[in-house]
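Heads up, the thing below is written out as structure tokens.
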Amino acid sequence: MPVTINNVVVHRLVKEQHQPIRASQMRDAVLDRTNENVQKLIHSLVAVYGTRYNTAQYGVFDDGAGRGTFPDAFERYAGQAMTNEAEFLALSRMVMGRLYQQARQLSAASGGYMVFADYERDSGRQFLVAMVKAQPGLTLTETLQPEELMALDLDRVHQGARINFRRFADYQAAGPKDRQEIRYLSFVSPRSAQETAGYFVTALGCTAGTTASRSTDNLLRESKKLFRETPQLRSNRENFEQRLLDYLHDKRDERASVRVSEVAHLVQQHIPTEMAEAADEIVEHFVTRLNSEEVQVPPEFPVNAAVLKRHTHITGQSSSWKLSLERGALSTDPAAQNR
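Structural data, given as structure tokens:
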């Protein structure tokens with residue numbers, strides 16, 4: 115998917131775990147958006163955001179005490195008719211100040227390279243803040259001697275947030291009821307060390323807000339769709355759907371969260387052996403679809419019992435009777451499924 119970069123800049127939050135924070139390294143100007151390496155950086159981050167190992171939570175800005183200064187600053191920035199380098203740079207610097215204040219309070223927090231980008235793609239204009247870290251690697255000198263070098267790990271967004279301008283505008287214009295269905299931002303945080311993950315989300319004033327009913331419904335719809343629309347998987351469709359429903363019922367009864375990673379494992383178990391080489395790719399596309407802006411299934415969520423019942427029961431009624439049947443109790447005609 116093509117990405118058009120409006121503005122991009124990189125700063126550095128300088129902090130090692132359990133060490134005092136140091137002064138941030140800040141650029142005084144935006145990067146050249148036409149530079150090939152700058153384009154590779156942004157394209158790489160956009161490509162991995164929301165994928166299997168970089169799944170995002172969807173939500174909105176906090177309206178309470180945790181709101182902070184960023185949401186209002188972003189609203190002013192988004193209200194400009196044209197993209198502006200100076201305003202973009204000022205917004206990035208303000209975020210760095212917020213991150214510095216939050217990270218300095220947590221001994222276990224660590225910093226990294228903070229990439230800020232205002233770009234456009236098929237889903238519209240986006241504002242991205244992503245933390246990437248350097249990792250050691252090897253290269254060869256002119257004499258073919260191995261030599262260590264440090265390179266950015268672009269396969270992983272350690273922490274990040276992304277805001278969709280169009281959805282943000284829709285939310286601003288919507289009434290209280292319609293706002294319940296609009297989620298204009300997402301954020302990526304490491305699942306381990308919740309304390310250290312929190313400072314990034316807190317600094318930007320984000321709060322998760324995807325409803326359990328929507329997440330449960332979309333998970334079931336997309337899971338069934340995968341096995342219904344992939345010819346090579348159709349033979350395992352019924353077994354997979356039953357295993358998925360059993361899994362969701364167990365989570366409901368245990369009052370435990372559904373994990374997309376566990377559902378992905380169920381998918382992998384029901385991929386035929388003759389498709390083993392394509393299994394990872396199928397699962398990767400499935401998880402990315404679930405976590406996309408369109409579907410917005412978060413990495414973890416509680417089961418909505420009413421939605422689960424709607425997917426497992428067929429009901430009908432008149433003025434004098436009411437019928438409810440479990441779908442699994444009905445036989446199916448394989449020929450009819452393909453009509």
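Counting from 115, one number per residue, gives the positions in the sequence shown under the working numbering. Glycine residues also receive a C-beta, built at the ideal position from the N, C-alpha and C atoms.
Between the CA atoms of GLU376 and GLU368 - distance to the nearest angstrom: Taking the straight line joining both Cα atoms gives about 15 Å.
Is the Cβ-Cβ distance between ILE156 and LEU242 less than 9 Å? Taking 9 Å as the Cβ cut-off, ILE156 and LEU242 qualify as a contacting pair.
Simplified DSSP state of ASP146, which is helix, strand or coil: Here ASP146 carries a coil assignment [DSSP, helix/strand/coil].
Nearest-angstrom Cα distance between ARG235 and VAL117? For the pair ARG235 and VAL117, the Cα-to-Cα distance works out to about 5 Å.
Do ARG276 and VAL162 have their beta-carbon atoms positioned less than 9 Å apart in this structure? If you check the CB distance, VAL162 and ARG276 do not come in under 9 Å.
What number of angstroms, rounded off, separates the C-alpha of ASP142 from the C-alpha of VAL122? C-alpha separation (whole angstroms): 12 Å.
Could you name each continuous alpha helix (DSSP H) segment of 4 residues or more that falls completely within the stretch 274–348, going from the start of the chain to the end? Qualifying alpha helix (DSSP H) stretches, in chain order: 279–287, 290–293, 308–318 and 326–343.
Using C-beta distances below 8 Å, list every residue in its chain close to ALA390, excluding the 5 sequence neighbours before and after it, in chain order. So no residue of the chain qualifies.
Is it buried or exposed, PRO260, if we count other Cβ atoms within 10 angstroms and call 16 or more buried? Exposed, since its Cβ has fewer than 16 Cβ neighbours within 10 Å.
Per DSSP, which residues does THR245 bridge with? Please list them. Contrary to the premise, residue 245 reads as Met rather than Thr in this sequence. MET228 and GLN273.
Could you have a look at HIS125 and say whether DSSP puts it in helix, strand or coil? DSSP, read as helix, strand or coil, puts HIS125 in strand.
I'd like to know if PRO134 contacts chain D, where contact means its C-beta is closer than 9 Å to some C-beta of that chain. Here there is only one protein chain, and chain D is not present.
Expected contact under 8 Å - CB spacing of LEU404 and VAL374 to nearest Å: Indeed, because the Cβ distance is near 6 Å, the residues count as touching under 8 Å.
Would you list the one or two residues that DSSP bridges to PRO260? For PRO260, which the question treats as bridged, DSSP gives the partners LEU254.
Mind checking ASN353: buried by the 16 CB within 10 Å criterion, or exposed? ASN353 comes out exposed.
Ranges of the beta strand (DSSP E) found wholly within the stretch 165–238, counting only runs of at least 3: With a minimum length of 3 residues, the continuous beta strand (DSSP E) runs that stay inside the stretch 165–238 are 171–175 and 226–235.
Mind checking ASP364: buried by the 16 CB within 10 Å criterion, or exposed? ASP364 should be labelled exposed.
Assuming ALA248 and LEU266 form a contact by the criterion Cβ under 8 Å, report the distance between their Cβ atoms to the nearest whole angstrom. Yes, ALA248 and LEU266 are in contact; Cβ-Cβ is about 6 Å, under 8 Å.
Proximity winner among ALA192, ALA217, VAL381 and ASN198, relative to GLN133 (alpha-carbon distances): Residue ALA217 is the option with its Cα nearest to GLN133.
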